[in-house]
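Enquirer:
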Amino acid sequence: MQTQRLKAGGRAFAHIAQYHPELTALRRDLHAHPELGFEEVYTAARVKEALQVCGVDAIHEGLGRTGLVAVIHGQTRASGAMVGLRADMDALPITEDNEFAWKSCKSGLMHGCGHDGHTAMLVGAARYLAQTRQFDGTAVLVFQPGEEGYGGARVMIEEGLFERFPVQAIYAMHNWPQLKPGMVGINSGPMMAAADRVTIEIKGRGGHGAHAYQTVDVVLVAAHIITAAQSIVSRNVRPIESAVLSLCAVHAGDMGAFSVLPGTARIVGTVRTFDPQVQELVERRLKEMCNAIALGFGATVTVHYERIYPATINSEAEARFAGDVAESLVGAEQVVRDLEPSMGAEDFSFMLQTKPGAYLRIGQGTGASGSALHNSRYDFNDDILPLGAALHASLIEQSMPLPVA
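Add 310 to the 1-based position in the sequence shown for our numbering, that's all there is to it.
1) Based on Cα-Cα distance, which residue from N685, S681, P713 lies nearest to L489?
2) Tell me where the alpha helix (DSSP H) around G434 begins and ends.
3) Run through DSSP, which three-state label would T353 get?
4) Could you check where the beta strand (DSSP E) with I496 kicks off and where it finishes?
5) Between the C-alpha atoms of R396 and T622, what's the straight-line distance to the nearest angstrom?
6) Could you tell me which residues DSSP pairs with H614 in its beta bridges?
7) Per DSSP, T669 is paired with what?
8) Is S659 closer than 9 Å to M502 when the C-beta atoms are compared?
9) DSSP state of I550, grouped into three classes?
10) Just tell me which of F475, I618, V450, S417 has its CA closest to the CA of L432.
11) Below 6 Å CB to CB, which residues in the same chain sit around A575 once its five sequence neighbours on both sides are set aside?
12) I need the DSSP call for Y619, collapsed to helix, strand or coil.
13) Evaluate the contact criterion for the segment 516-524 versus the segment 583-602: three or more CB pairs, one atom per stretch, below 8 Å.
14) What is the C-beta distance between L319 and S638, in whole angstroms, given that I count them as a contact (C-beta under 8 Å)?
15) Exposed or buried, Q312, counting other C-beta atoms within 10 Å across all chains shown (16 or more means buried)?
16) So for E628, helix, strand or coil by DSSP?
17) Just verifying my parser: in three-state terms, what is the DSSP assignment at T376?
18) I believe T583 touches S552 by the beta-carbon criterion, under 8 Å. Please report the beta-carbon distance rounded to the nearest angstrom.
19) Going by C-alpha to C-alpha distance, which of Y523, C364, V592, A609 sits closest to V570?
20) For the segment 468-475 and the segment 402-411, state whether three or more C-beta atom pairs, one from each stretch, are separated by less than 8 Å.
21) Ignore the nearest five residues each way along the sequence and tell me which others in Q708's own chain have a CB closer than 6 Å to its CB.
22) Would DSSP call L395 helix, strand or coil?
23) Does the Cβ of S414 have 16 or more other Cβ atoms within 10 Å, making it buried, or fewer, making it exposed?
24) Just checking my contact of L316 with P491 at CB under 8 Å: how many whole Å lie between their CB atoms?
25) Looking at the secondary structure, which residues open and close the beta strand (DSSP E) in which Q454 lies?
26) Using only alpha-carbon positions, find the residue among P403, V366, P487 that is nearest to R443.
27) Assuming H341 is part of the alpha helix (DSSP H), what are its boundary residues?
28) Residues in the same chain with beta-carbon distance under 8 Å from V547, minus the five sequence neighbours each way, listed in chain order, please.
29) Taking the alpha-carbon of G633 as reference, which of I542, V494, R337, G347 has the nearest alpha-carbon?
30) Does the beta-carbon of L695 have 16 or more other beta-carbons within 10 angstroms, so that it is buried, or is it exposed?
31) Assuming Y688 contacts G422 under a Cβ cut-off of 8 Å, what Cβ separation, rounded to an integer in Å, is found between them?
32) Does the distance from the CB of R718 to the CB of L336 come in under 9 Å?
33) Take F607 as the anchor and find which of L530, E626, Q644 has the nearest alpha-carbon.
34) Looking only at DSSP bridge pairs, what is S652 linked to?
35) Nearest-angstrom Cα distance between E359 and F690?
36) Consult DSSP for E590 and reduce its assignment to one of helix, strand or coil.
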């Protein structure tokens, strides 16, 4: 794949574009060696090696198990300011269907969400910031493990991330195939939904399919629950609010036992919301509905409702500032300031619950494969590496400007 030069302004972009090939090589190496959450041993070692070459002032290992934090001091530190940048490092349990030279060398694992690119962009920013130091304060670069369902951000916070590095604000970005390369999207409120996991355990009385009247049929109960649950959002949540309830898998019985009615069934799914009150409403109504349906058929049910990630909500001032920084690089026409929120989830939400900050989307297009995130044919677009790194670096320089002489 030949990389292309995206047009962008600013000293940071021009500087970082000079080592675009090196960032591409790092990104592809990470892509070829994917690791799941809290298993990012190779990834962390490669990042540490790259940061040492960059000349950062300090590298802190082991925060969040396999996480890293790099510290870079500005030319001056009179302001006492400290601003954070975050990149996620983990891969997904997906078998890759691509055939390029840097495809995953691990069966059943791939970088299907672009975290390899996010990591490379933040390394690019580290190199530029350590070489130029055109800011007044301290930059804290967080290389986070376990974003894909492991809550790595929460673990880093619990292990003292913000006590050890008391940043005034923190920023992150994620590639977005729905935006063209060179575009940046943001809004001043919700960017990603809260993600909850639902597990419904149904108990009845199994028996012979020919004598169903002697059983309490959990398959029938499960079917009624699956159908009825779809009314919760449409008949309980106001149309101007957002919620998704998806029951995604069901297991009951043995496919080889065509005449056996099982005694137990299990349903799993997810709920996505932005508003905590809507989240509470959906949880309550789901439990009420499941219990009522089970009671009506003589079965029992247990609903396990786990709140995995909260909603990712940008703070208004930081979102406006991040939009301004993006405009300084690519121009106002390339920045979408009212980007539609996604019902996907992101554990950067834990950091935004603790510190002001913003989560941005950087456009990368769908590429030749036409694939979106979490697809077995997805690949990060290396063309955007200098822009992403420059956007990271510019957030630092413009949030902590050097004093005017």
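Glycine residues also receive a C-beta, built at the ideal position from the N, C-alpha and C atoms.
Expert: Considering the structure as presented:
1) Comparing Cα-Cα distances from L489 to each of N685, S681, P713, the minimum goes to S681.
2) Counted as a single uninterrupted DSSP element, the alpha helix (DSSP H) harbouring G434 occupies residues 425-442.
3) Reduced to three states, the DSSP call for T353 is helix.
4) Counting along the chain, I496 falls outside any beta strand (DSSP E), and DSSP gives it neither H nor E.
5) Straight-line Cα distance between these residues: approximately 14 Å.
6) Beta-bridge pairing links H614 to T509.
7) Note that residue 669 is Tyr in the sequence shown here, rather than Thr. Answer is A482.
8) Yes; because the gap between Cβ atoms is below 9 Å, this pair is in contact.
9) DSSP places I550 in coil when its eight states are reduced to three.
10) Relative to the Cα of L432, the nearest Cα in the group F475, I618, V450, S417 belongs to V450.
11) Excluding positions up to five away in sequence, the list reads I512, V528, A532, A562.
12) Three-state result, Y619: strand.
13) No contact exists between the segment 516-524 and the segment 583-602.
14) Here residue 319 is Gly; the residue named in the question, Leu, does not match the sequence. Confirmed, about 7 Å.
15) Low confidence applies here, because Q312 scores a pLDDT of 39, under 50, leaving its location unreliable; read the following figure in that light. So Q312 ends up on the exposed side.
16) The DSSP-derived three-state label of E628 is helix.
17) DSSP places T376 in coil when its eight states are reduced to three.
18) Right, their Cβ atoms sit about 7 Å apart.
19) Here the closest residue by C-alpha is Y523.
20) The segment 468-475, when compared against the segment 402-411, does not touch it at the 8 Å Cβ threshold.
21) Correct list, in chain order: V635.
22) Note: L395 maps to strand in three-state DSSP.
23) In this structure S414 is buried. Its beta-carbon is surrounded by 16 or more other beta-carbon atoms within 10 angstroms.
24) L316 to P491, Cβ: 6 Å. Contact.
25) Run containing Q454: 448-454, per the beta strand (DSSP E) assignment.
26) Looking at the Cα atoms, V366 is the closest of the given residues.
27) Secondary structure note for H341: its alpha helix (DSSP H) is the uninterrupted segment 330-342.
28) Excluding positions up to five away in sequence, the list reads A553, V588, L591, V592.
29) For the residues I542, V494, R337, G347, the minimum Cα distance to G633 belongs to V494.
30) Counting every other CB atom within 10 Å of its CB across the protein chains shown gives L695 a total of 16 or more, marking it as buried.
31) Indeed they touch by this definition, with Cβ atoms about 5 Å apart.
32) Given a span of 311 to 715 for the chain in the structure shown, any question on residue 718 remains unanswerable.
33) Ranking L530, E626, Q644 by Cα distance to F607 puts L530 first.
34) S652 is bridged to M502.
35) Each residue's alpha carbon lies about 22 Å from the other.
36) Collapsing the DSSP output to three states places E590 in a helix.
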